[in-house]
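One structure is given below, encoded as structure tokens.
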Amino acid sequence: MIGRWWFRTDVFLHAYLVMVLGCIYFLFNFIEGISFAERAGESTLFRAAWLLLYILLMLHIAVDRKRFGLLMLQSHLYLTFMAFALVSLALSADPAGSSVKFAMYLLTTMFSAWVVVSRPVDRLVDTLFRIGIVVLIVHVLLFPVIGSQWDYDPLHRPTVLGTQAYAGVFGHKNLAGAFFGLMVLICFVRMLAGPRKQFGWSLLLMGCHLFALAAAGAAGPLISMLTALAVTFGLLLVVLGHRGAASIYWLCLAFVALVVFAVPSDELYGLVGRSGNLTGRSFLWSVWPYFFWQHPWLGYGFSGFFNELPNSPANELTSMAPWNTEFGSFENSYLDAFLQFGLLGGALYMLLLARALWNTIVFTFERKGMYWLAPFAMLLFVVIASANDSSQLLHNYFGCVLVFWCYFGPEARLQVAPRRAFTRLRVSEA
Numbered sequence: 011m012i013g014r015w016w017f018r019t020d021v022f023l024h025a026y027l028v029m030v031l032g033c034i035y036f037l038f039n040f041i042e043g044i045s046f047a048e049r050a051g052e053s054t055l056f057r058a059a060w061l062l063l064y065i066l067l068m069l070h071i072a073v074d075r076k077r078f079g080l081l082m083l084q085s086h087l088y089l090t091f092m093a094f095a096l097v098s099l100a101l102s103a104d105p106a107g108s109s110v111k112f113a114m115y116l117l118t119t120m121f122s123a124w125v126v127v128s129r130p131v132d133r134l135v136d137t138l139f140r141i142g143i144v145v146l147i148v149h150v151l152l153f154p155v156i157g158s159q160w161d162y163d164p165l166h167r168p169t170v171l172g173t174q175a176y177a178g179v180f181g182h183k184n185l186a187g188a189f190f191g192l193m194v195l196i197c198f199v200r201m202l203a204g205p206r207k208q209f210g211w212s213l214l215l216m217g218c219h220l221f222a223l224a225a226a227g228a229a230g231p232l233i234s235m236l237t238a239l240a241v242t243f244g245l246l247l248v249v250l251g252h253r254g255a256a257s258i259y260w261l262c263l264a265f266v267a268l269v270v271f272a273v274p275s276d277e278l279y280g281l282v283g284r285s286g287n288l289t290g291r292s293f294l295w296s297v298w299p300y301f302f303w304q305h306p307w308l309g310y311g312f313s314g315f316f317n318e319l320p321n322s323p324a325n326e327l328t329s330m331a332p333w334n335t336e337f338g339s340f341e342n343s344y345l346d347a348f349l350q351f352g353l354l355g356g357a358l359y360m361l362l363l364a365r366a367l368w369n370t371i372v373f374t375f376e377r378k379g380m381y382w383l384a385p386f387a388m389l390l391f392v393v394i395a396s397a398n399d400s401s402q403l404l405h406n407y408f409g410c411v412l413v414f415w416c417y418f419g420p421e422a423r424l425q426v427a428p429r430r431a432f433t434r435l436r437v438s439e440a
């Protein structure tokens, strides 16, 4: 009875999504009395929670082994990419130290595949929507408790609301911003797709998530969300066949894009309280070619650049940086992909990402299910935001989960001829 209740209520899915979304990333630090200045990975409870989730994931995959195995066997690009990643890891300076992180990255991609074979898109979107409501309530209730105990922005920059940044137990303003940006898009999709009585509630929650995003002080997720929202609405007009409105809308978007490119970068970033150097990112991106061309073909291996060896290339980066700043990534998922996997593995990853985006477009035009616009909107948000952070290559993070979920599915790829056996298997087991 307990087992049936566990599977019926999707407890595992809810728990795994809460963890990869970063909703309680620093809650473990708060419970154990560890400073927010320390990474959540230093918490014993945090590690124990992930170990339990990994074990449960393996058990769920074992239950769905037939469908999961068939999906893996037909995911040739994924298998090729992982093979190159393994070769790159084996030839890196610290294969033993990086193997644990790569194993977690692999398990994250396997979770995405399991979601494809076990949960339809509408069910996943509803799950994310419910998580968003609960997290929003807890986030607001915790403000009087921890809102003034931690400085979420060491540079003390005001948010677009004129307040100090607040990220709750997310622990970092960008984690909070990415979460609430994703929730804004999910509410937007539900607002358009659901019944009329759902429109008002979805609009209200969309506004609440938008306010929480603005209060987090995360400029990157805010800009990425607004851009993804604008492009998604434009695609909606095209899919619905409103050609006249779509033409005018896309012309307006093109004009806005031209204006954005014409405005000096410092003035543009000043609108969201930022400067043209993007908090040190401009320095990182300027020195990236120097390190990349030292290992151009297979890269440094997964997590091989920022390893903990005394002769780590990250130490050289620190010595080159102003004020000897220590970095954990190059703050750009695409630069990190080519740095870690080289030209060969990086090109494969770009193909994989392009296939994921294509799958969401096909799924959108097929208009199957209620939330057929959701995969495109969510993936586009990740793709845009990844130009300013390393979320796609972070193991145990929703950016990585969404990319591979869209690559394996979400359901568009199940319609092609080689997958008829897979489709029949899903129907027979339903």
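Using the numbering used here, you'd call the opening residue of the sequence shown number 11 and step up by one each time.
Cβ coordinates follow ideal geometry from the N, Cα and C atoms, glycine included.
Scanning Cys416, Val411, Gly419 and Val248 for the CA closest to the CA of leucine 23 turns up Val411. Sequence-distant Cβ neighbours of serine 128 in its own chain, meaning closer than 6 Å and more than five residues away, are Asp74. Distances from the alpha-carbon of serine 322 to those of Val28, Asp104 and Ala188 put Asp104 closest. For phenylalanine 36, the three-state secondary structure derived from DSSP is coil. Only residues of its own chain outside the window of five on either side were considered, and among them Thr137, Leu138 and Ile141 have a CB closer than 7 Å to the CB of leucine 27, listed in chain order. A residue is called buried when at least 16 other Cβ atoms come within 10 angstroms of its Cβ; methionine 216 meets this threshold and is buried. Taken in chain order, no unbroken stretch of beta strand (DSSP E) lies wholly in the segment 304-352 with a span of 3 residues or more.
The residue from Asn398, Gly254, Ala177 and Leu319 with its alpha-carbon nearest to that of alanine 106 is Leu319. Segment contact: the segment 307-315 against the segment 343-359, three or more CB-CB distances shorter than 8 Å; contact assigned.
Within the same chain, Cβ atoms closer than 8 Å to the Cβ of valine 297 are found at Leu327 and Met330, the five residues on either side in sequence being excluded. Rounded to the nearest whole angstrom, the CA to CA distance from leucine 246 to valine 30 is 28 Å.
Close CB contacts of leucine 99 within its chain, under the 8 Å cut and outside five residues either way in sequence, are with Pro105, Ser108, Ser109, Phe112, Gly311, Phe312 and Gly314 (chain order). Look at the beta carbons and you see the segment 173-191 not touching the segment 373-384: under three pairs across the two are nearer than 8 Å. Excluding residues up to 5 positions away in sequence, Ala188, Gly230, Pro231, Ser234 and Ser401 lie with their Cβ nearer than 7 Å to the Cβ of alanine 395 in the same chain.
Here DSSP, grouped into helix, strand and coil, assigns tyrosine 88 to helix.
Taking 8 Å as the cut-off, the Cβ atoms of alanine 240 and phenylalanine 190 do not count as close. Straight across, the Cα-Cα distance linking lysine 76 with serine 122 is about 16 Å. Taking leucine 101 as reference, the option from Val413, His305, Tyr381 and Tyr359 with the minimal CA-CA separation is His305. If you look at isoleucine 147, you'll find it in the alpha helix (DSSP H) that goes 131-151. In the three-state DSSP reduction, histidine 24 falls in the helix class (H, G or I). Within its own chain, the residues whose Cβ lies closer than 8 Å to the Cβ of glutamate 42, once the five positions on either side in sequence are excluded, are Ser53, Thr54 and Leu55, listed in chain order. Put simply, of Tyr35, Phe391 and Pro130 the residue whose alpha carbon is nearest the alpha carbon of asparagine 406 is Tyr35.
If you check the CB distance, threonine 90 and leucine 403 do not come in under 8 Å. Listed in chain order, the non-local C-beta contacts of glutamine 208 below 8 Å within the same chain comprise Arg200 and Met201, local neighbours out to five positions each way being set aside. Distance from the CA atom of tryptophan 303 to the CA atom of tyrosine 88, rounded to whole angstroms, is 25 Å. In the assembly as shown, tryptophan 382 is a buried residue. Its beta-carbon has 16 or more other beta-carbons within 10 Å. For the segment 365-432, the continuous alpha helix (DSSP H) assignments of 4+ residues that do not extend past its boundaries occur at 384-395 and 408-418, in sequence order.
For valine 392 and serine 343, the gap between their C-alpha atoms comes out near 10 Å. Between glycine 157 and glutamine 174, the alpha-carbon positions lie close to 9 Å from each other.
If you draw a 10 Å sphere on the C-beta of threonine 335, you find fewer than 16 other C-beta atoms in it, and that means exposed. Under a 10 Å Cβ-count criterion, cysteine 262 is classified as exposed, with fewer than 16 other Cβ atoms of the shown protein chains found around its own Cβ. Non-local beta-carbon contacts of tryptophan 307 in its own chain, meaning distances under 8 Å to residues more than five positions away in sequence, involve Gly352, Leu353 and Leu354 in chain order. Under the DSSP assignment, isoleucine 196 falls in the alpha helix (DSSP H) whose first and last residues are 183-203. Note on geometry: alpha-carbon atoms of leucine 362 and proline 154 lie some 44 Å from one another.
Taking a contact as a CB-CB distance under 8 Å, the pair alanine 224 and threonine 289 does not count as one, their CB atoms being some 18 Å apart.
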